[in-house]
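Reading through the structure tokens given below for one structure.
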Amino acid sequence: MGEECSSSREIVTDIIISMKNLKLIGQLTAGLTLMAFNTHSQVANGTKTKSPKKKPNVIILFSDQHHKNVMGFEGHPDVITPNLDKLANQSVVFDRAYCSVGISAPSRSSLMSGLYPRTLGLLSNSERTSVMEETISLASVFQKNNYRTYAFGKRHTHGGIDAGWDEQQSHLCSETPGNSYTEWVEKNGYGKEFAMDWAAEFGKGSECSSFAGQKLPIADLGTRVSTLPENMTMEAFTTQLTVKMIKEHAQSDQPFFCWSTFYRPHQPYTPLKKYMDMYDATAWGIGRINGSSISKPASLYEPKENIPPMMQSIRKGENKVWNVDKAFADEQNWRNYVGAYYALVTEIDHCVGEILKALEDAGIADETIVIYTSDHGDFVGNHGMVEKAALGQNVYEDILNVPLIIRYPGNKQNGKRVAELVSLVDIYPTLIDLLDLKMPEPKYPVQGQSIAKTLTKGKPVNREYIVSESWSQATVITRDYKLGMMIDPTDAMRKFDFRSFGDQFFVRKSDSLEVKNQIKNEAYQAEIKKLRAYYQDFSAQISDVGKQEVINKTKK
């Protein structure tokens with residue numbers, strides 16, 4: 024009897040164990056099935072299995088001097104930008120994004136430091152201060168958060184602002200000596216072709232090139248057609264390096280931060296014939312989209328007495344690089360420049376498309392935040408001007424209002440346009456906020472404002488004004504008005520003192536071209552007073568420690 028009971032217990036035990044094993048096997052099978060489903064879904068969606076702790080990649084596609092309205096999705100009558108149009112449809116587009124000053128180095132430095140130019144002491148391209156040295160760069164923050172960091176193309180940043188890159192390769196010899204675009208294009212046998220492009224503005228080849236000391240012909244309005252092959256342009260250089268990096272990161276568990284900068288559509292305006300031929304610049308018409316030649320810039324013939332003194336000087340032909348007087352004598356010069364500018368934008372659009380395709384092909388598009396923006400704009404013929412005349416003005420929408428397109432994977436706000444006032448100085452804190460990045464305690468606290476909740480939830484920024492400020496002109500921008508105040512440039516930049524010209528006040532709704540200065544109109548004096556008070560508020564809140572350092576150096 025005892026043996027029978029023992030045997031029965033063993034049988035029951037075996038059955039229980041078997042049932043448990045079957046349950047475990049079932050759970051394991053279900054788990055494997057779920058894993059297989061997830062893997063299938065990821066492959067079907069063009070993604071690959073990655074560590075769940077991996078943060079999104081970030082790539083900033085950055086052009087130089089891109090007028091915000093010169094894109095197809097902005098309703099432009101001429102320009103061809105299918106890739107930027109597609110990106111805009113997949114992103115949040117900020118219509119009222121502004122640069123901190125309308126010139127390259129300080130604008131880029133604000134982006135990469137989260138600090139305003141007055142604090143950095145960088146309000147033109149040339150200043151160097153201790154603040155710039157002691158700043159914690161955006162790249163350094165990413166690096167400290169286990170990101171691999173890359174910079175391809177011209178950076179135009181210095182000191183601590185330029186720190187934190189694991190890999191960098193610039194267009195400029197001074198930024199990556201021995202490994203720059205200039206040396207690369209010469210090694211590939213196209214040094215002379217590039218030298219002719221560079222000479223369109225500078226009259227010689229670029230520094231460190233074989234043609235640096237050779238006098239070469241400039242071109243009116245810095246414009247002529249390039250003879251480089253398409254894979255040898257500065258834009259191709261940035262694109263090839265970026266695509267190569269993306270391919271290398273396809274299987275990586277380490278996220279990347281990449282700043283890919285295009286030199287164009289900044290002058291010299293030397294597009295490839297392929298892109299120039301897309302635009303009929305032989306006469307003024309009603310726009311390419313209407314089956315016509317390119318349209319004339321709306322304020323091309325604005326009376327020159329309306330515009331600040333340096334711009335008047337350029338209009339008179341006193342700048343022998345631009346020779347704007349020749350363009351007014353023969354409008355074909357204007358059409359060549361405007362058509363060339365559009366052609367350069369279209370080349371950049373092609374390059375943007377190549378980079379976005381590389382993200383898709385690598386299966387990491389859904390893991391990557393993509394930002395497209397620019398440091399400032401270009402007149403593109405408006406106000407009868409070429410380029411940006413940055414040292415002579417810092418007020419016009421053509422220059423200060425910049426493209427800002429942000430594609431954040433899975434964002435329900437994607438496809439929307441936002442009219443909130445934002446600045447390039449906001450990108451630094453926004454990325455830290457979005458990605459929950461840890462940041463060391465900075466000596467100079469970040470001054471930009473995170474727009475993460477605007478980006479992801481559509482919440483208002485609640486800004487009453489934005490300030491963009493150079494040595495000679497400080498501009499206050501609100502929803503409906505703009506006040507450009509000529510200020511004392513101090514002895515540091517005395518030759519750019521234009522206070523005798525007076526201030527400029529524009530009404531956005533009734534004067535989108537900014538050709539009617541209402542500074543003396545009694546009807547707007549209350550608003551003008553309010554904007555002056557906003558500037559005083561800004562000056563009180565935002566330290567000018569770096570600017571004062573530059574001024575003090577001048578006094579010694």
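When the letters of the sequence shown are read in order and numbered with our numbering, they come out as residues 24 to 579. Ideal Cβ placement from N, Cα and C applies to all residues, glycine included. Being a predicted model, the structure only gives us computed values, none of them experimental.
With 16 other Cβ atoms within 10 Å as the buried cut-off, status of S535: Per the 10 Å Cβ criterion, exposed.
Enclosing beta strand (DSSP E) for F519 [first to last residue]: Here F519 belongs to no beta strand (DSSP E), and DSSP marks it neither H nor E.
First and last residue of the uninterrupted alpha helix (DSSP H) at M268: 257-271
So A412 packs on M516, CB below 8 Å; how close in whole Å? In fact, because the Cβ distance is near 15 Å, the residues do not count as touching under 8 Å.
Considering only the beta carbon of each residue, do Q496 and I565 sit closer than 8 Å? no
In the DSSP output, which residue or residues are listed as bridge partners for L84? S283, Y395
Looking only at its chain, what residues have a beta carbon closer than 8 Å to the beta carbon of D514, apart from the 5 residues adjacent to it on each side? I574, T577, K578
Who are the Cβ neighbours of F561 in its own chain at under 6 Å, not counting the five residues just before and after it? V490
Mind checking whether M301 and A366 have CB atoms under 8 Å apart? yes
Is DSSP giving R430 helix, strand or coil here? strand
Return yes when the Cβ of C122 is within less than 8 Å of the Cβ of T262, no when it is not. Against a cut-off of 8 Å, the Cβ pair of C122 and T262 comes out as no contact.
Which whole runs of the alpha helix (DSSP H) in the segment 167-234 are 4 residues long or more, in chain order? 204-210, 214-225
If distances are taken between C-alpha atoms only, which option among T477, K439, S249, V441 comes closest to T453? T477
With distances taken between CB atoms, is the gap from E258 to F285 smaller than 8 Å? yes
Residue from K461, R486, G236, G415 whose Cα sits closest to the Cα of M509: Its Cα nearest to that of M509, the residue G415 stands out among K461, R486, G236, G415.
Given I450, which residues of its chain have a CB within under 6 Å of its CB, disregarding the five upstream and five downstream residues? L134
DSSP state of V154, grouped into three classes? helix
How is Q436 classed by DSSP in three states: helix, strand or coil? coil
If you count every other CB in all the chains shown that lies within 10 Å of the CB of Q541, and 16 or more means buried, which is it? By the C-beta density criterion, Q541 is buried, having at least 16 other C-beta atoms within 10 angstroms.
Y504 versus N544: straight-line alpha-carbon distance, rounded: 13 Å
Y170 vs F280 beta-carbon contact at 8 Å: The Cβ atoms of Y170 and F280 sit closer than 8 Å to each other.
Report the rounded CA-to-CA distance for Q88 versus Q548, giving the unit in angstroms. 33 Å
In whole angstroms, give me the CA-to-CA distance for K570 and T305. Here the alpha carbon of K570 sits roughly 47 Å from the alpha carbon of T305.
From what residue to what residue does the beta strand (DSSP E) around S491 run? S491 -> beta strand (DSSP E) spans 489-492.
On the three-state DSSP scale, how would you describe G362? helix
Test item: CB-CB of L295 and E370 under 8 Å: yes
In or out: G236 buried (at least 16 other Cβ within 10 Å) or exposed? exposed
Between the beta-carbon of I429 and the beta-carbon of S114, is there less than 8 Å? yes
So, W221 versus P291, is the Cβ gap smaller than 8 Å? yes
Residue span of the beta strand (DSSP E) that contains T498, given as start and end: 496-500
Using 8 Å as the Cβ pair cut-off and three pairs as the minimum, do the segment 339-352 and the segment 399-411 touch? yes
State buried or exposed for E341, treating a residue as buried only when at least 16 other CB atoms are found within 10 Å of its CB. exposed
Three-state secondary structure (DSSP) at G415? Coil.
Using 10 angstroms around the beta-carbon of Q527, count the other beta-carbons present and answer buried if the total reaches 16, otherwise exposed. buried
Taking the straight line between their C-alpha atoms, what separation do you get for G376 and F260? 15 Å
Helix, strand or coil at Q355 [DSSP, three-state]: helix
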